[in-house]
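Residue numbers (the UniProt record's numbering), protein chains in the order written: chain A, 1 to 218; chain B, 1 to 716. Down below is the structure, laid out as structure tokens.
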Amino acid sequence: QQQQQQQQRRHYEELAHKSGFSTEQIKNLHKRFRQLSGNKETISRANLDSIPALANNPIKKQIIDAFFDKRNQRQDDEVGSLEEIGLEQFLMVMSHFRPPAHKSGEEERQAARRQKLRFLFNMHDTDGDGIITLVEYRKELLSKSGAIGHQAAKAIADAAMLEVASTNAPHMAPDDFYEGITFEHFQQILKGLEMESRMHIRFLDVDTTTMRCGKATS
Amino acid sequence: MFVTDVPGLTRLLVAVLLVLVVCANPSQGTQDNDTRAHGDEEHQQGNSTAHRKAFPVLSFNYEYVRKPFEISLWILLALLMKLGFHVIPRVSHVVPESCLLIFVGLLVGGVIKAIRQTAPVLDTDLFFLYLLPPIILDAGYFLPIRPFTENLGTILVFAVVGTLWNAFFVGGAMYGVCQLEGGQLRGVDLLSCLLFGSIVSAVDPVAVLAVFEEIHINELLYILVFGESLLNDAVTVVLYHLFEEFSHAGVVTVADALLGGLCFFVVSCGGILVGAIYGLLGAFTSRFTSHTRVIEPLFVFLYSYMAYLSAEVFHLSGIMSLIACGVVMRPYVEANISHKSYTTVKYFLKMWSSVSETLIFIFLGVSTVAGPHAWNWTFVIVTVVLCLVSRVLGVVGLTFVINKFRIVKLTKKDQFIVAYGGLRGAIAFSLGFLLTGNKMKDLFLTAIITLIFFTVFVQGMTIRPLVELLEVKKKRECDGSINEEIHTQFLDHLLVGIEDICGHYGHHHWKDKLSRFNKAYVKKWLIAGDRSTEPQLLSFYNKMEMKQAMMMVESGGGVSIFKPNIEPTAPSRRKTVISKSREMEVRKMLHSNMQKNRQRLRSYSRHDLMMDPFEDDVSEVRFRKQRVEMERRMSHYLTVPAKRPEPPPSVRRVAFEPGQWHRPHFPRFFFLFFFLARNVNAGGVVTPKVHPLCSTQSLHEQFKALRRLSDPGPKS
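Here it is as structure tokens:
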């Protein structure tokens, strides 16, 4: 029994090192993981699908896909998707939403921003070729809020693409062809949003014991 | 050209000054009724005794129009001064406008004093009922909501705790100094000192606005200082009334202190409630104004003003009520009122607040010269020093605590700007003026005025070079691109989703719930017709487009109109994308603008060929040629399929004439066309200010950009 506990603690520490969470936070997240998976070792898409609160979310499918996307595991350039994820993969995805550390220097902030933007980029780039094409952008906009009709979504997507093109590649030769938004362009266009401070869940880094993952499967 | 105008302007100003001073002469006033009556009598007597006076062809009756005449003259003077400052370019860069206006006020006050007349003083009623509301309404209506709510915790801490700290520290320390100093100051008791402390502790929104508007600082700092200056009104009101009551009563009990604390909550929450109610009423009213567009702006102004007055009736915080009213009313009213009404609201608010601000500063100057003064070196200097010290200590101490709860920490630079930007202004003066029956009134008033002058002049003038020196982040120039808007919304949904997966009811969750409640229930009641279902992204997009179109048309484009391309989707989809009436509105507006431009073009080309490169015949011809060229290229674009560099030769006709529209299934051409057409005119003639993120480059490059979009071609 004691050995088991020790083993678990070492496991947690390893995970903490990899994902950047504290062991306290990992314990909480593990509890939630077990809830979602029904006490099994892995979570499948169906488990995440069944969360009732997510039903209203217009980008539900994309969020769920993001959990199963190999590219978000930060393991050099693997593409494709997993069928089921374990605790480690779950934590890796969650680590994208950590708030920036207390005393982070400029490079750390840049790295964090890059990572978060990469996560977003992967969500848009559904075929994994490293470029967001017009078709993908349109699809994403269409699904995002059903109240925008077909035409409007297309038009907005076109305008957005044009904007990216005009700011990032203004001096293209007459026969050049704008393939789609690359990651660099994506970073450039969202430079003003300061992702590293906006894209986070308050995992209350003041006092982590007060963070409780709810029992909300109801 | 301007140099020759300056002496003329100065002469005009001097003349106005003299007239004003003469008119301010009250000696005429006392006799008006008598003279008129007397004159009549004389006249009648004259008639009866047959000593007939000639019929007065020209008579002088100043008394009849005296009051409005003087008011108008003051306002005119203020505005001419404002005009004058901008004519002299060097001065307005160094000295903020508020300082110049106070200076002018001092001059005018001096002149009036020299002629030994009584000057109009910054009367408390005048200030609180007429001059202050427009400024606050302007600020509240255009308050940037997102940064405000994101930093609300910080702002509240600064406003409440910071002001309390300031008041007690200054009051207490002042008392200590007074006791030590002795002499004239020995009579100042603790409660008076605390009262004084509460008056000088509040950061003033008028002064902050006046100075911060000019330095274009980044949004976070602006909203922190400005938000604090707005929200500390509740604290100021409570403290002021509390200490005033106490200083009359003479004794404070614990019960009184507790009641004071309770009063604070009542004042602030009550004020917000009153404001919210009026805001909802205003929003509801605006739902029905589609047939009487002309009076729409009045509803906005009147409901807000009523909110302010109603709150003042109950001694609640009028400022918070006004802000709440503006904030609540705005999203619904803007969805309901026409574009012209929106522009009217915006411009009237800006105009009134500008006039008010100018008048306030000038009157401040005049009152300084006029008012009774009791100068005491120790008191004044200690006041200034204590205020500075307490402000710095307060900000540093509070930031230390706040940073534990903030994600984006406040750096030392931020703290410095927040501390340095804590300017005092006319509110402190008016509150001081309001003190009655206090024997220390003159002493206090002198100190308050000195403090105001110090903060406005010294801090106001030096903050700009300091901001440059410290390289504080400036305001983002650009308004926000469509990509940013899309991703802001995307991010919101994403974060809510992640929170749901964690099962964690964080503040994204509640924000989402609130916005859903808003959409489902509130918008249905408060927004007219089908606009209530228009999604935010779409309205943002439409707004942006309209803005582009207006800019395009105003720059003399002479462009033809496209039918906005969004069509209602099939009825099975239930939600209409954009209504016909809105479409009509957009089209009508653009059409009318275009007509105006066309007419201008023609008239200029007849009378004045060399008038403006934009508007002469030559450029129109060139524009037409370019347009034809562009037509050809556009159709080119249409046929470029995905990832094929060679366009097929078939060309689809695109109609560019108004009223004809061949290709209704075009992707949002409207927008793209304006993007391009904006530069057609500008191409050879004038280079518009190019902004990296939100402007366009030359036509050529735009075209290429268009072709780059891997459009698989329009379907069916």
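Think of the CB as a built atom: it goes at the ideal place given N, C-alpha and C, for glycine as much as any other residue. Just so we're clear, the structure is a prediction, and the values are computed from it rather than from any experiment.
Practice prompt. Return the chain-ordered list of same chain residues with a C-beta closer than 8 Å to the C-beta of A:N47, the five sequence neighbours on each side being excluded.
Written response: L36, S37, G38
Item to complete: Using a Cβ cut-off of 8 Å (strictly closer), state whether B:F148 contacts chain A.
Response: no
Practice prompt. Report whether the distance from the Cβ of B:I527 to the nearest heavy atom of the ligand SAH is below 7 Å.
Written response: Among the components modelled here there is no ligand, and therefore nothing to report on the ligand SAH.
Item to complete: For A:H17, go through chain B and note every residue whose CB falls closer than 8 Å to its CB, in chain order.
Response: By Cβ distance, chain B contributes nothing, its closest Cβ being about 21 Å from A:H17, past 8 Å.
Worksheet item: What did DSSP end up calling B:W525 once you bin it into helix, strand or coil?
Response: helix
Worksheet item: Closest by CA to A:T23, which one among A:F33, A:L134, A:H11?
Response: A:H11
Fill in: Exposure of B:A283, with buried meaning 16 or more beta-carbon neighbours within 10 Å
buried
Worksheet item: B:E471 touches chain A at which residues, Cβ-Cβ below 9 Å?
Response: Residues of chain A passing the Cβ test: none, with the nearest at roughly 14 Å.
Worksheet item: Does A:L48 get closer than 8 Å to chain B when you measure Cβ to Cβ?
Response: Chain B, which has a Cβ nearer than 8 Å to the Cβ of A:L48, makes this yes.
Worksheet entry | Which listed residue (B:S341, B:D492, B:L398, B:A276) has its alpha carbon closest to that of B:I295 | B:S341
Practice prompt. Classify B:H691 as buried or exposed, calling it buried when 16 or more other Cβ atoms lie within 10 Å of its own Cβ.
Written response: Legend: pLDDT at B:H691 = 36, less than 50; position of this residue unreliable, value from coordinates given subsequently. B:H691 counts as exposed, since fewer than 16 other beta carbons sit within 10 angstroms of its beta carbon.
Item to complete: Using a cut-off of 7 Å between C-beta atoms, extract the partners of B:E484 located in chain A.
Response: L190, G192, L193
Worksheet item: B:Q45 to B:E244, Cα distance in whole Å?
Response: In this prediction, B:Q45 has a pLDDT of 45, which is less than 50 and means its spatial position is unreliable; nothing more can be read from the coordinates.
Fill in: Beta-bridge pairing of B:K474 - partner residues as DSSP gives them
B:I217
Practice prompt. May I ask which residues mark the beginning and end of the alpha helix (DSSP H) holding residue 223 of chain A?
Written response: Outside the modelled stretch of chain A, which goes from 1 to 218, sits residue 223 of chain A, for which no answer is possible.
Item to complete: Pick helix, strand or coil for A:S22, following the three-state DSSP scheme.
Response: coil
Worksheet entry | According to DSSP, residues forming a beta bridge with A:E84 | Looking at the DSSP assignment, A:E84 forms a beta bridge with A:S44.
Worksheet item: When DSSP labels each residue in this structure, what does B:D512 get in the three-state scheme?
Response: B:D512 carries a helical assignment under DSSP once its states are collapsed to helix, strand and coil.
Practice prompt. Identify the contact partners of B:L491 in chain A, using a Cβ-Cβ distance below 9 Å as the criterion.
Written response: L120, L193, M195, R198, M199
Practice prompt. Using the Cα positions of A:K139 and A:G130, report the straight-line distance between them to the nearest angstrom.
Written response: 16 Å
Practice prompt. Could you check how far apart the C-beta atoms of A:Q62 and A:M161 are, in whole angstroms? I think they sit under 8 Å.
Written response: The Cβ separation is near 19 Å, so there is no contact.
Item to complete: Find out if the Cβ-Cβ distance for the pair B:D256, B:A426 is shorter than 8 Å.
Response: no
Practice prompt. Please compile the residues from chain A whose C-beta is within a distance smaller than 7 Å of the C-beta of B:V208.
Written response: Result: empty, since nearest Cβ-Cβ is about 25 Å, beyond 7 Å.
Practice prompt. Can you tell me the Cβ-Cβ gap for B:L443 and B:L122, rounded? I've got them flagged as a contact below 8 Å.
Written response: Incorrect: roughly 18 Å between the Cβ atoms, too far for contact.
Worksheet item: Just the Cα atoms here: how many angstroms apart are B:H373 and B:G110?
Response: Approximately 15 Å between the Cα atoms of the pair.
Worksheet item: So B:W352 is in the alpha helix (DSSP H); what residue range does that whole segment cover?
Response: 339-370
Worksheet item: Where do the N-terminal and C-terminal ends of the alpha helix (DSSP H) with B:A139 fall, by residue?
Response: Unbroken alpha helix (DSSP H) run through B:A139: 132-141.
Worksheet item: If you run the structure through DSSP and keep just helix, strand and coil, what is A:D69?
Response: strand
Discussion item. Contact between the segment 187-196 of chain B and the segment 399-412 of chain B is defined here as three or more beta-carbon pairs at a separation below 8 Å; is this criterion met?
Written reply: With a cut-off of 8 Å, the segment 399-412 of chain B and the segment 187-196 of chain B do not count as touching, because too few Cβ pairs lie within range.
Worksheet item: Can at least three beta-carbon pairs, one atom from the segment 488-502 of chain B and one from the segment 123-142 of chain B, be found at a separation below 8 Å?
Response: no
Discussion item. At the 8 Å Cβ level, is A:R109 part of the contact set with chain B, yes or no?
Written reply: So, not an interface residue.
Practice prompt. Give the residues from the segment 86-101 of chain A that approach chain B closer than 8 Å (Cβ to any Cβ), ordered along the chain.
Written response: M94, F97, P99, P100
Worksheet item: Cα-Cα, which of B:Y420, B:K524, B:Y303 is closest to B:C387?
Response: From the listed residues B:Y420, B:K524, B:Y303, the smallest Cα separation to B:C387 is found for B:Y420.
Practice prompt. Using a threshold of 8 Å, state whether the C-beta atoms of A:S19 and A:P100 are closer than that.
Written response: No. Outside cutoff.
Worksheet item: Between B:L494 and chain A, is there a C-beta pair that is closer than 8 Å?
Response: yes
Worksheet item: Can you name the residues that DSSP bridges to A:I64?
Response: Looking at the DSSP assignment, A:I64 forms no beta bridge with any residue, so it has no partner.
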